[in-house]
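The sequence shown finishes on residue 299 if you use my numbering, and the numbering steps up by one all the way, no holes.
Structure first, then comments.
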Amino acid sequence: MTIADDGSLTFGQGRLEVTLRPMTDGELDRRTQAVGGVSPYTYEDVVFEDGLARSRFTVFLLSVKNYEFPKVVIDPAQVELIAANGRHYWTLNRQQLETYFRSYATGYRGNEYSDFQERMDVLNGTMYTDDAVFSGQENEGYVVFPVLHEDVGAVEVVVHDAALRFDFRDVPAEVVDIGYRFERKVGKKSWRESPTRTASVVH
């Protein structure tokens, strides 16, 4: 594992790199604004009654660079966040997020529905997919979890069953579980405000 200044952790095996990076709300907003659209990942500039910022979700950028194996497959549905307090969180898929945001689109006309469509467009273009990453290719996208409770300090994100080799039937013959450990100060509204990083690999 290597640790980068941007808060990311990278698992390497030969010339394969699987990187996980915690995203701040500010970074997510800037990326969305750069391509136009309404951010599905944050509350953007919403001001709450208590004057405090809130995170809508917990978001990581998952990146795969494969220059080692004929094919690598990571299923975002098999990524789990385990909090030090014992809570387990699994990634939210597109259908779950669509259901969540559809509740804000009270009708099929007007600004609410337009915002809903823009959020879906952003999700479709930015969430990590389970497409095979063939030799010489790269893939990246967001994995999204429910927002963490304020009492959560240390967390481990585990990429389960990353498939590195396949047999002649295209069935995974070698899989690995990759664990990434992060910490934050308890009581922060967003753990991403001050992450520190450690790393481990679980085979």
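Glycine included, C-beta positions come from ideal geometry on N, C-alpha and C.
- Its Cα nearest to that of GLU236, the residue SER159 stands out among TYR185, SER159, ARG126.
- Contact between ALA179 and LEU244 is confirmed by a C-beta separation of about 7 Å, below the 8 Å threshold.
- The beta carbon of VAL239 sits closer than 6 Å to those of PHE156, LEU158, PRO172, VAL175, THR187, TYR224, all from its chain and outside the five residues before and after it, given in chain order.
- In this structure, DSSP gives PHE165 a state outside helix and strand, which the three-state scheme calls coil.
- With respect to VAL251, ASP273 sits apart: the two C-beta atoms are not nearer than 7 Å.
- As the crow flies, the alpha-carbon of TYR163 is around 6 Å from that of LEU112.
- In summary, PRO166 is exposed, with fewer than 16 beta-carbon neighbours lying within 10 Å of its beta-carbon over all protein chains present.
- Setting aside the 5 residues that flank it on each side, THR98 is surrounded in the same chain by THR106, each with a C-beta closer than 6 Å to its C-beta; the list follows chain order.
- Nearest to MET216 by C-alpha distance, out of PHE230, GLY103, VAL134, GLN129, is VAL134.
- In this chain, the alpha helix (DSSP H) harbouring GLY221 covers 207-222.
- Here TYR200 is exposed. Its C-beta has fewer than 16 other C-beta atoms within 10 Å.
- By a beta-carbon distance limit of 8 Å, PHE241 contacts TYR185. Their separation comes to about 5 Å.
- CA-to-CA, the gap between THR128 and GLY122 works out to about 10 Å.
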